[in-house]
Structures are given as structure tokens and as C-alpha cells.
Amino acid sequence: MDYFVGEKMLESFRSFLMNLAEKGDIPSSFKYGFVINAMICALLIGPILGGIGTMVVTKKMAFFSEAVGHAAMTGIAIGVLLGEPFSAPYISLFTYCILFGLVINYTKNRTKMASDTLIGVFLSMSIALGGSLLIYVSAKVNSHALESILFGSILTVNDTDIYILVVSAIIIGFVLIPYLNRMLLASFNPNLAIVRGVNVKLIEY
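FYI, the UniProt record's numbering numbers position 109 of the sequence shown as 109, with every residue one higher than the one before it.
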């Protein structure tokens, strides 16, 4: 029922913008649904990345997002092996990427190795594992069909992608809004954050 309501709201919003485009009130490119989908995704992604990006840079983990993005290949291969549809292996993809990030952070707190170096090591291991699994998976499904997931375009997002992004934005918003100052303090000066009673290790995860 909730999914149906969300679908109706999204369709109504698209129709509203298309009508405005037909009247010439907004650019004519908004006559196309895929352009509207891209705009919705951009509006959702912008605030999320703005809130998280500062902490990523101050922690010297700018390479982290690249690593997680490429590590998704392994999650997709695992999902296909477990029987998920190759066009949308969302459960295994998200689960693997979250575990990948947690393991990197756990290891980072227990070694003196530079963050980017550590991330590079885990990325190499994950890509090697993912590549091996994809060779095996290619016997079940054409591996080129998975490229649309790994190397997608914002212009090709569908309604399911938008729903997932909306839920992700809400969850991240509920975490960021009340704890943003503490998270920024823990990123810039962990020692001061500890003195002020901030649980730095919990925030890092």
C-alpha cells in the first residue's frame, strides 16, 4: 500500500513538471520522465553528500567512496550466486558494501597504516574476489548485463532507485541532523571530542 502511494505521488509530481514544461514555464527538457528522475536524484544526493563529504575529507578518506563503489562488484556477484535477480541485487549489494566499510574502519582503528593505503589494500582484495566470482557467474548470466549497475548513469534511474534513495536520505537525515556537530568535532579534533564526552568510536562507525 505504501509503495502504491509513493508510486502515485511520484507519478503526480512528474505529470506536474511535464505540464509546466509543455506550457513553457520551465525548460522543455522536463517533458521527459528520465530528466525529472535525474533531477529528483540530484536533489536527494546533494544534501547527503554535503553532510557526509566534509567528514570524509577531514578523516583523509576521500578514496573511501571510490573503494566502496568498486567493491560493489563483489556484492553483485554474490547476490547473483545466491539467487537474486541480476538486474537488481540490492540486498547483497548494500549488505556487502556496509560490511566492507565497517571492516575498513575496524582495521583502521587498529593499525598505523595510512587510511588511503589501507583502503587500497582492501579494494584490491575485493576487486580480485569480485572478478573471480564474476567469471563463475558469467556461466549463469551475461556479465555485461551487470555493467549497468556498476557503471550507471543518473539519466537511467528508475522508480525503484528513487525509492531506495528517498529511504536512504531519510535515514541519513535522522542521523546527521541531531549529531552533525558531534560528528564534525570528532572528525576535526577527536581528542577534544573525547574530552567533551563524545563517543568518537561509535561516531566513526
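We treat Cβ as the ideally placed atom computed from N, Cα and C, and that holds for glycine. What you are looking at is a predicted structure, and each value in this text was computed from that prediction instead of being measured.
Looking at S65: is its Cβ nearer than 9 Å to the Cβ of I78? no
Would you call the region 43-62 and the region 18-32 in contact, with 3 or more CB pairs under 8 Å? no
Between the region 93-104 and the region 118-132, do at least 3 Cβ pairs fall closer than 8 Å? yes
Assign residue 206 to buried or exposed, taking buried as 16 or more other Cβ atoms, counted over all protein chains shown, within 10 Å of its Cβ. Within the shown structure, residues of the chain are numbered from 1 to 205, placing residue 206 beyond reach of any answer.
Top-ranked residue by Cα proximity to T74, from K8, G197, P178, A128: A128
In chain order, what residues of the same chain have a beta carbon less than 6 Å from the beta carbon of G51, not counting five sequence neighbours either side? L176
Rounded to the nearest angstrom, how far is the Cβ of V195 from that of L185, given a contact under 8 Å? Actually they do not touch by this definition, with Cβ atoms about 10 Å apart.
Once the 5 residues before and after L20 are set aside, which same chain residues still bring their CB inside 8 Å of it? I26, F30
In this structure, does DSSP put K112 in helix, strand or coil? coil
From what residue to what residue does the alpha helix (DSSP H) around S65 run? 64-81
Going along the chain, which residues of its own chain have a beta-carbon closer than 6 Å to the beta-carbon of I172, five neighbours each way excluded? I48
Candidates V56, S15, V35, M9, of which the one nearest residue 231 by Cα: In the structure as shown, the chain starts at 1 and stops at 205, and residue 231 therefore has no counterpart that could be examined.
Use the C-beta contact count for S15: other C-beta atoms within 10 angstroms, 16 or more gives buried, fewer gives exposed. exposed
Start-to-end residues for the alpha helix (DSSP H) that takes in I162: 159-188
Please classify A114 as buried or exposed, where buried requires at least 16 other C-beta atoms within 10 Å of its C-beta. exposed
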